[in-house]
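Visitor:
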Amino acid sequence: MDYTYREATVADLEKIWDKNIADNPGDGRWVLWKTEILEKNKQGVSKAFVVLYNGEPIGEGTLVFDPACVGGRPALADYKARANISGLRMDKRHEGKGHISKLVKLMERHARDAGYKTMTIGVEAKETRNLAIYLHWGYTAFVMSAHEEAENDLVLYYSKELR
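At position 20 of the sequence shown (counting the first as 1) the number is 19 in numbering that gives the first Met the number 0, and the numbers step up by one without a gap.
(1) Which word fits G71, buried or exposed, when buried means at least 16 other C-beta atoms lie within 10 angstroms of its C-beta?
(2) Check whether the region 112-121 touches the region 150-161, taking contact to mean three or more Cβ pairs, one atom from each stretch, closer than 8 Å.
(3) Assuming contact is defined by CB atoms lying nearer than 8 Å, are D65 and V50 in contact in what I supplied?
(4) For A67 and P73, I'd like the C-alpha separation in whole angstroms.
(5) Below 8 Å CB to CB, which residues in the same chain sit around V30 once its five sequence neighbours on both sides are set aside?
(6) Return helix, strand or coil for R162, following the three-state DSSP convention.
(7) Are the region 97-115 and the region 1-10 touching, with three or more C-beta to C-beta distances below 8 Å?
(8) Helix, strand or coil, according to DSSP, for L105 in the structure here?
(9) In the region 124-153, which residue ranges form an unbroken alpha helix (DSSP H) of at least 4 residues, counting only runs that do not cross its ends?
(10) Sort W32, Y138, V154 and E147 by Cα distance to I15 and report the nearest one.
(11) Might you give, ordered along the chain, the residues of its own chain that have their beta carbon closer than 6 Å to the beta carbon of A124, omitting 5 neighbours on each side?
(12) Would you mind stating whether E59 and F48 have Cβ atoms separated by less than 8 Å?
(13) For a minimum of 4 consecutive residues, which ranges assigned as the alpha helix (DSSP H) are wholly contained in the region 25-55?
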């Protein structure tokens, strides 16, 4: 099995977002989100990363630098010291094999190399499994909670110091 973890190309993003849209028929938000992620990646306010399996994107995550991309909250991303991990998704057939962990490590390394000192990540309060994973990764400092309209849920944000 040939897995690759890297910064996403425009072609990678097109493929994975077309799949996201196909997997969520009738939900127009996915079309808007695709346009948004492509534009933000192009502008450099965020950077997308992918997991590829035999050259095809099967997982993704976005590293956000601009506070405007996280609701105008500089406690989550500030273009200087803090960046936020967002939009972690993995094809169900490849879950539970450590791919998202490897992708997050790549994203953290990229942020650290770019001079960021702290990473933040959000998790819906009801997603206790994901919260346990994030705590295991070292995201243990509680930053804030917020009711996110897009998810219509309470989201808890945690941070981790990069070393």
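Beta carbons are placed, not taken as given, at the ideal position from N, Cα and C, and that holds for glycine. Bear in mind that the values here come from a model prediction, so they are computed numbers and not experimental data.
Guide: So, from the data block:
(1) Here residue 71 refers to the residue found at position 72 of the sequence shown. G71 comes out exposed.
(2) yes
(3) What you label residue 65 is simply residue 66 of the sequence shown in a count that begins at 1. What you label residue 50 is simply residue 51 of the sequence shown in a count that begins at 1. No, these two residues do not count as a Cβ contact at 8 Å.
(4) For the purposes of this step, residue 67 is taken as the residue at position 68 of the sequence shown. For the purposes of this step, residue 73 is taken as the residue at position 74 of the sequence shown. If you take the alpha carbons of A67 and P73, they lie about 8 Å apart.
(5) Taking the sequence shown and counting its residues from 1, the one referred to as residue 30 is at position 31. Same-chain partners within the cutoff: I20.
(6) Counted from its first residue, the sequence shown places residue 162 at position 163. Correct three-state label for R162: coil.
(7) yes
(8) Locating residue 105 in the sequence shown gives position 106, counting from the first residue. It is helical.
(9) 127-135
(10) Position 16 of the sequence shown, counted from the first residue, corresponds to residue 15. Closest option to I15, Cα to Cα, is W32.
(11) Along the sequence shown, read from residue 1 onward, the residue named residue 124 stands at position 125. For A124, where only same-chain residues beyond five positions count, the Cβ hits under 6 Å are L153 and L155.
(12) Here residue 59 corresponds to residue number 60 of the sequence shown, with the count starting at 1. Here residue 48 corresponds to residue number 49 of the sequence shown, with the count starting at 1. Contact flag set, yes.
(13) 28-42
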